[in-house]
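Read the structure below first, then the notes.
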Ligand code: 6PG
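Quick look at the structure:
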């Protein structure tokens with residue numbers, strides 16, 4: 130695993146560095162393959178990054194946006210990750226509507242929605258059953274309990290290895306999420322983590338030994354690049370060794 134950890138002095142520096150790295154991955158993907166596939170994280174940390182990306186001049190027709198997880202709510206619900214990304218970024222740029230690939234949340238049964246998104250990814254990436262797509266960039270956050278995407282501690286979703294997409298659960302609320310193998314097949318995974326409240330979970334995620342199912346972010350070990358961009362208040366106590 131090719132892991133790089135950077136601790137940035139504050140939130141603004143974290144967002145600036147995240148922007149630089151995101152733009153670099155977008156340009157590399159387009160140069161190498163003619164398009165870039167990026168999976169977005171939800172939550173609050175990435176919002177200023179999305180706002181910053183929206184100020185850039187980019188070949189929007191070559192960029193395809195997916196979500197690594199979604200709350201099981203309608204797209205106009207304030208909790209929707211899709212809504213946050215549209216308001217912060219996608220509604221502000223000239224990206225073709227067909228390049229935006231939201232997770233469906235309109236099925237009575239979330240498992241049906243998960244299966245629909247999985248089929249959509251298989252069609253887009255031309256993968257067969259049992260194969261996993263290689264997204265160019267998978268943006269992730271981490272909760273103060275060590276969850277990432279909607280892979281919460283000690284939930285069924287952590288054990289799903291034969292599907293691209295599964296149903297997660299947080300306090301009984303359904304989520305739709307990339308599975309661990311889908312995240313780990315990405316060419317580049319970038320965690321963006323800020324806040325002193327993340328410190329103790331980070332210490333466990335970076336510990337040589339800890340329980341992966343208690344701290345699910347430990348399960349993210351992509352074959353490609355793994356970047357952890359941390360603000361000082363989140364990462365200051367970590368014993369860091371890049372490998
Ligand atoms: C979500 C996210 C989730 C998020 C973490 C961190 O749907 O909420 O995908 O995994 O990244 O909960 O959230 P913050 O960035 O708001 O701390």
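In the working numbering, the protein residues as written are 130 to 372.
Don't be surprised by glycine CBs; every beta carbon is placed ideally from N, CA and C.
Cβ distance (whole Å) where residue i is taken to contact residue j below 8 angstroms
i           : j           : result
residue 204 : residue 234 : 7 angstroms
residue 280 : residue 306 : 6 angstroms
residue 363 : residue 328 : 6 angstroms
residue 201 : residue 302 : 7 angstroms
residue 168 : residue 189 : No, residue 168 and residue 189 are not in contact; Cβ-Cβ is about 17 angstroms, not under 8 angstroms.
residue 177 : residue 361 : That belief does not hold up - the Cβ atoms of residue 177 and residue 361 are roughly 16 angstroms apart, past 8 angstroms.
residue 131 : residue 355 : 6 angstroms
residue 183 : residue 217 : 7 angstroms
residue 295 : residue 243 : 6 angstroms
residue 334 : residue 325 : That belief does not hold up - the Cβ atoms of residue 334 and residue 325 are roughly 15 angstroms apart, past 8 angstroms.
residue 338 : residue 277 : Residue 338 to residue 277, Cβ: 19 angstroms. No contact.
residue 210 : residue 220 : That pair is no contact at about 14 angstroms.
Residue i CB to nearest heavy atom of ligand 1 below 7 angstroms
i           : result
residue 276 : yes
residue 271 : yes
residue 172 : yes
residue 146 : no
residue 139 : no
residue 329 : no
residue 215 : no
residue 315 : no
residue 200 : yes
residue 360 : no
residue 298 : no
residue 153 : no
Strand pairing of residue i, partner residues [DSSP]
i           : result
residue 241 : BP columns for residue 241 are empty, so no partner.
residue 268 : 319
residue 133 : 356
Check: residue i C-beta below 7 angstroms from any heavy atom of ligand 2
i           : result
residue 210 : The ligand content of the structure shown is limited to ligand 1, which means ligand 2 is not among them.
Tell me the start and end of each unbroken alpha helix (DSSP H) in the segment 137-171 that is at least 4 residues and wholly inside, in chain order.
140-162
For the segment 239-255 against the segment 268-275, are there 3 or more C-beta pairs whose distance is under 8 angstroms?
no
Contained alpha helix (DSSP H) runs [length at least 4] in the segment 275-354, N- to C-terminal order
309-313 and 328-335
Taking only runs of the alpha helix (DSSP H) that begin and end inside the segment 173-250, which ones reach a length of at least 4 residues, in chain order?
176-182 and 210-217
Would the segment 319-333 count as touching the segment 294-311 if we require 3 or more Cβ pairs under 8 angstroms?
no
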